[in-house]
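J.: Protein chains in written order, with the working numbering: chain G, 1 to 397; chain R, 1001 to 1397; chain V, 2001 to 2397; chain F, 3001 to 3397.
All C-beta atoms, glycine included, are put in the ideal place defined by N, C-alpha and C.
Right, here's the structure in full:
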């Protein structure tokens, strides 16, 4: 396996050890558990798929924590909350996690919680940290990030139409708006939304926004439906449409202050996107492994030759695309470490265009090599493709 | 709308009239009914999705029949069964049908029934015709074609492993084997399978196969599961895995005779594939229309311009790909009319490679233009993509 | 050889006979003569390459004329000047001519003369016809079309800056301006330029232009240099930069009248571009033949297999691209016949985008298959590529 | 300008200073001198283009040497001959040199001399070094590497057919064979060929080859013709076809010993190919700069917008491709430093596939943006394309 660890930089012995442990956990515990996860989910069926989390998830979480594979995403700048890995070091680990659909959550390194925890750790008050960050770091609750709105280019926070109004009499904010593609909002353990809205439509373009904490059980919050991705609904996680109707939260729930929403979001997106990229590289590596296994299967020779002998080009192309994209991502991670998320904007921007694009290519080639099985539930390839095709839209071009 | 009717050949007044009628039926009845179909299916939920057909389907069938839009696929050579249209003429109509997921079945022109009806009309005994062809032509039952097997390159009938054994004592054939991706086998109205197996493993390569009729309720037939395509299960139609375990049918159920299965299948695949191609062109046209509507939506201007003004290339590319592919398909249809399926092998072969490929391109561009909505259930685009990606595997490369 | 003649339409016996004769002339006389042409050109060397036409050219012209393969491009509407073939019929012949660099000129069907002859036949006065059209039709002189200017998007005639000023006193027009990429202007036999300029900069956008005949030896005409295409200068034909400095021609030399230049050019471009497309299809077919010969050469087996067996995809892709593009071109030709150049605008526009694009693809694959020989003077492939890459710019996108 | 120097690794102050000096020399002296070079070459004309080197070349060489920009390619392992830069450090410098056609030779870092000097430095006897390496290092002579043969896959040294026969009586080797694409063999200063041939056709596959020094003026050496690349002959450098007919050289001219040719060539190709890659990245950067300048030229607005505003995608794609490819090349260079050419085989192999491929893409996009000027002699883009298209064949796929 070509691995992030062998590229340019040398992992320190401490990280190297964790890298090996992570690798084993993912390969020998998370990936084999995927079948169990789908079986448990299928057994629940219908609406129960949204109210109960398949038990295998919490079992893996306990296991990962006991192995010390927990919260590795939080960089040293976050002090006591951080296990002390740079973005570059985490990139190596994160790629491994991306290989299994279950590994990121098992290690408490799953989106959107990681980005949300970074926001709380960086901008939260002590009270906000105590109430939300601590249980998130402990993996006892989950969270969602509510920014995207229907009919609005998601990439552009200045188009947000959700309204956050002050009610000074009650010292509360009143939130009205409609969001969709809110990932994780379907999970019964999701207890808080970090909501982006506009508190002042007449302020300067980048000072209109505020970001505010909304407990999931606040009256007026209505999860309307899960959005589907191709035919997948991603229960129990979900990518939900949510209506906020006269939702009231106390003044204390605002993050950083009125008009500082744009600033908060900018800080969140940099590392978050690189995490996405790194996980995606791991997903692409796994797809390529399926691809290679398939085309070198002696039982699948046609006209006396392995499929790979008929035409090795698809594998070569995938190898070349992955390795180049990984270098770009590592460079971006390294730039964040050295120059901060702002200083690494260009590198992050390049990575987030390239990675979903090449992942779609790599996975599509693997699908083609599998014949009809490639698009079916017997392999995770079609699901991977759907995920990456969506990421290409969300983060990509 | 660029239409098949305007290309090279002139539709006769009779066909032109039917073309217009078909167009109106599809646009104003079938496409609007799709929402109803999905609502009825969703309301059924769970296992009921496989035992009840949404009522809208039979309503549309009655309507199409009353309009005279029925069985238009069967060419003149089939005598009294045929409404009298050439493959080239039907190609023009078939493209229209392909625009809606409901139109082919509504007009009794849906796969796999069309191919199966051609087989029965061409090779069936009078008894076989009376029992199966007549109700199929009337749309009172449906059928499936059971050829593909797991672990076997589907394109190559010589690899089939299903075994058809003679039991002379009982004048029965005994069938044992495993099939998958049997489209339509999930439908409660599916009453018969046309099964491909080997009756003589020691005969010459192309004389080992036989094709045999198996009533769906024969003991030993077990529909194991529906295969998924990118998360879609296509209920109630389904693409099913089926086990045939000591399934017994009388000698009379064989088609054309022992050892002639290859011949039967060859005759079936030519026109069947061109129908697929033509419907796919219609699907691509509809995707392009969504695409155009989206990028010329005045409400979606960014930086003061329509999306289409920022970059018209994706639409141009789709237009160019569709128009070229259609010409190829029309040429293949014309060749079948003039030289028979065998004489048109090269043209059919070219069309079946090109069409799924360009359809995937066209639909993918439309998805990209829609942002996240493009992969969701709010548009049929992701479903179209999944269908075409699968066709590209099955028929394409 | 896949040929235009087998597509949809049936050639009449008369055209079929000419088709066969053309095919033989091209394959057995023009293509073998290419080596001679290059040898004669090389022997001339230096400046003499621009003042003497290799003798093989006139020999082939005499031969073609004696075979009745002469001026086949001019459609029936041109009356006595026309040999009577429709655009669709000529398309079949023209593809054959495009296979050899020498065949179009040998049959007096070469650009830019064909377009220029159409202009004169359609819009010329009797005097203009007598002086220029007759010798052009006889192949005793050649001509150029001077429209493109440096620094101006060539596709847009409204940007032309060449100035045509009336001198009523002398009943002359005075022309000042700079043109480039004027194909054929290097040829010593080129006796007349059809020049596009503006006679009234203040008129409405499409009424500012006039088209005027300028004898090549008029004082003030200076051929500055040949433009190179990749490393080719195309001597003696040439694509020249020309300065018009106070060039004076009599009032009688204007075509159709002042302010009607846009109209003239529009009429010229339609069929001219389709001729380009058809010849290009022929060039692509020849490149594909080189490709196939190379990859099926038993002497070039590697690891015990023909190159084509290692990977047939490049040939399949080229075959598919050519056949689709040809159908598009034939449809455009047919549309010109049925609806005129204006009525076929969309079809022509599509063909001229698609054809250079796919030709570049087809030729590039052939080059790759030839290794370094593919880019060298030992095969015409690199030259073909250069020509098509330029056409893709000029006519394409 | 995105530069190699900013990627991952930090240049030491010493290298950084040289990097800046190199940059200035290339931008302000080499690139401006290109026009002069072509003018001097054109003025020579005809056969003189092959016998006289345009004087500007030696002027730039003197200048580069005085600036200390000389022989920077030779890594520290070569002891006293080396200026002391690692492959990774040189990669940064080499990219800059690749930006101008004149810079590599001006700094004595041009192919094929660099590879040949490495061979002599690594494997040469003291006598061979004194006679050939010293003047090569001083830039007073040039050299060629004669390996490729017509009709033989150049990538595979085991197919070589040139015969090296011992004549023990005269203590000479007799060489017979035909080579082509021998770069640099046209140059009047080229004084020695490093020739690959087979000294023992019956030995084991990789022990048949020997590499031998042949002075250019040895009787029996006949330079037949320069091969053209898309119309370019690259005078006076040239890529020549050479016949060796009974060419006799003394025993002392063999490098490393009989049967060790494969070993010599393997050692030569690793760094040499990475140099090619790095120069190519520089060429791609320059093409992208032309591209950007063109599409942001205010004088070239169409419909009121900069070309880059109509569609920025081509520039973005080029930027993404170059940056990814550069990282791959740097990784390969770093691997050579750390693990030797053998240990870096995979990295080198990946770079040499990717780089010519993306360079062709980048340059082709730049050509398209320039319209017809892009394929002409007014920009170096078509020449760049021809060079990269050829490299893609030679080194690529």
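Between the C-alpha atoms of residue 398 of chain G and residue 162 of chain G, what's the straight-line distance to the nearest angstrom?
T.: Outside the shown range of chain G, which is 1 to 397, sits residue 398 of chain G, and nothing can be said about it.
J.: Since residue 389 of chain G meets chain R, which of its residues come closer than 7 Å, beta carbon to beta carbon?
T.: Simply 1375.
J.: With a threshold of 8 Å between beta carbons, is residue 1003 of chain R in contact with chain V?
T.: Confidence at residue 1003 of chain R is low in this model, with a pLDDT of 38, below 50, so the placement of that residue should be treated as unreliable; the coordinate-derived value is given next. No, residue 1003 of chain R does not count as interfacial toward chain V.
J.: Do you know offhand how far residue 3381 of chain F's Cα is from residue 3057 of chain F's?
T.: Computed Cα separation, rounded: 21 Å.
J.: Do three or more CB pairs link the stretch 1254 to 1265 of chain R to the stretch 1320 to 1335 of chain R at distances below 8 Å?
T.: Not touching, per the Cβ criterion.
J.: Can you tell me whether residue 25 of chain G is buried or exposed, with buried defined as 16 or more other CB within 10 angstroms of its CB?
T.: Per the 10 Å Cβ criterion, buried.
J.: Going along chain G in order, which residues have a C-beta closer than 8 Å to the C-beta of residue 1229 of chain R?
T.: Ordered by position in chain G, the residues that pass the 8 Å Cβ test against residue 1229 of chain R are 231, 375, 376 and 382.
J.: Within 10 angstroms of the Cβ of residue 3171 of chain F, are there 16 or more other Cβ atoms? Answer buried if so, exposed if not.
T.: Residue 3171 of chain F is exposed by the Cβ-count criterion.
J.: Whether or not the stretch 246 to 253 of chain G and the stretch 69 to 83 of chain G are in contact is what I'm after, with contact meaning three or more pairs of Cβ atoms, one per stretch, closer than 8 Å; do they touch?
T.: At 8 Å Cβ cutoff, the stretches do not touch.
J.: So which residues of chain R does residue 2324 of chain V contact, with C-beta pairs closer than 8 Å?
T.: Near residue 2324 of chain V (Cβ distances below 8 Å), the residues of chain R are 1324, 1325, 1327, 1328 and 1354.
J.: What are the complete alpha helix (DSSP H) segments, minimum 4 residues, inside the stretch 3181 to 3254 of chain F?
T.: You should have found no qualifying run.
J.: Can you list the residues of chain G that residue 2311 of chain V reaches, using a CB-CB cut of under 8 Å?
T.: Those are 310, 311 and 313, listed as they occur along chain G.
J.: Looking at residue 1351 of chain R and residue 1328 of chain R, is the spacing between their C-beta atoms short of 8 Å?
T.: Yes.
J.: Mapping the DSSP letters down to three states, classify residue 315 of chain G as helix, strand or coil.
T.: In the structure shown, residue 315 of chain G sits in a helix (DSSP, three-state: H, G or I).
J.: Report all residues from its chain with a CB closer than 8 Å to the CB of residue 1267 of chain R; omit the five preceding and five following residues, and keep chain order.
T.: Cβ within range, chain order: 1118, 1119, 1122, 1123 and 1341.
J.: Please tell me whether residue 393 of chain G and residue 1374 of chain R are closer than 8 Å, where the distance is taken between their beta carbons.
T.: Going by C-beta atoms, residue 393 of chain G is nearer than 8 Å to residue 1374 of chain R.
J.: Counting along the chain, where does the alpha helix (DSSP H) carrying residue 2262 of chain V start and finish?
T.: Run containing residue 2262 of chain V: 2261 to 2295, per the alpha helix (DSSP H) assignment.
J.: In angstroms, rounded to a whole number, what distance separates the CA positions of residue 1134 of chain R and residue 1180 of chain R?
T.: Each residue's Cα considered, the two are about 27 Å apart.
J.: Considering only their Cβ atoms, is the gap separating residue 369 of chain G from residue 310 of chain G smaller than 8 Å?
T.: No, the Cβ-Cβ distance between residue 310 of chain G and residue 369 of chain G is not below 8 Å.
J.: Mind checking the stretch 278 to 302 of chain G against chain F and listing, in chain order, the residues whose C-beta falls within less than 9 Å of any C-beta there?
T.: Answer set for the stretch 278 to 302 of chain G: empty.
J.: So the alpha helix (DSSP H) residue 1073 of chain R belongs to, where does it begin and stop?
T.: Per DSSP, residue 1073 of chain R belongs to no alpha helix (DSSP H) and is neither H nor E.
J.: Does DSSP put residue 2063 of chain V in a helix, a strand or coil?
T.: In this structure, residue 2063 of chain V counts as helix in the three-state DSSP scheme.
J.: Report the three-state DSSP secondary structure of residue 3169 of chain F (helix, strand or coil).
T.: The answer is coil: DSSP assigns residue 3169 of chain F none of H, G, I, E or B.
J.: Touch check for the stretch 3086 to 3101 of chain F and the stretch 3013 to 3031 of chain F: three-plus C-beta pairs under 8 Å?
T.: Touching, yes.
J.: Using a Cβ cut-off of 7 Å, which residues of the stretch 331 to 353 of chain G contact any Cβ in chain F, in chain order?
T.: Cβ contacts with chain F come from 331, 334, 350 and 353.
J.: Can you tell me the Cα-Cα spacing of residue 3208 of chain F and residue 3158 of chain F, whole angstroms?
T.: Approximately 8 Å, taken between the alpha carbons.
J.: Among residues of its own chain, excluding the 5 on either side of residue 3010 of chain F, which ones have a beta-carbon nearer than 6 Å to its beta-carbon?
T.: Answer for residue 3010 of chain F: no residue qualifies.
J.: If the cut-off is 9 Å on Cβ atoms, which residues from the stretch 1173 to 1189 of chain R count as contacting chain G, listed in chain order?
T.: Result list: 1180 and 1181.
J.: Report yes if the C-beta distance between residue 354 of chain G and residue 308 of chain G is below 8 Å; otherwise report no.
T.: No, Cβ-Cβ distance for residue 354 of chain G and residue 308 of chain G is not below 8 Å.
J.: Determine the DSSP secondary structure at residue 3379 of chain F, reduced to helix, strand or coil.
T.: In this structure, residue 3379 of chain F counts as coil in the three-state DSSP scheme.
J.: By the three-class DSSP mapping on this structure, what secondary structure does residue 2305 of chain V have?
T.: If DSSP states are grouped into helix, strand and coil, residue 2305 of chain V belongs with the strands.
J.: If you follow the alpha helix (DSSP H) that residue 25 of chain G is part of, which residue opens it and which one closes it?
T.: Per DSSP, residue 25 of chain G belongs to the alpha helix (DSSP H) from 13 to 25.
J.: The alpha helix (DSSP H) spanning residue 357 of chain G covers which residue range?
T.: Here the alpha helix (DSSP H) through residue 357 of chain G covers 345 to 370.
J.: In chain order, what residues of the same chain lie with their CB nearer than 6 Å to the CB of residue 3147 of chain F, ignoring the 5 residues before and after it?
T.: So the list reads 3196, once near-sequence residues are dropped.
J.: Taking its Cβ as the centre, do 16 or more other Cβ atoms sit within 10 Å of residue 202 of chain G, making it buried, or is it exposed?
T.: Burial call: exposed.
J.: Can you name, in chain order, every residue of its own chain whose Cβ lies under 8 Å from the Cβ of residue 1361 of chain R, other than the five neighbours on each side?
T.: Cβ neighbours of residue 1361 of chain R beyond the five flanking positions: 1317, 1318 and 1321.
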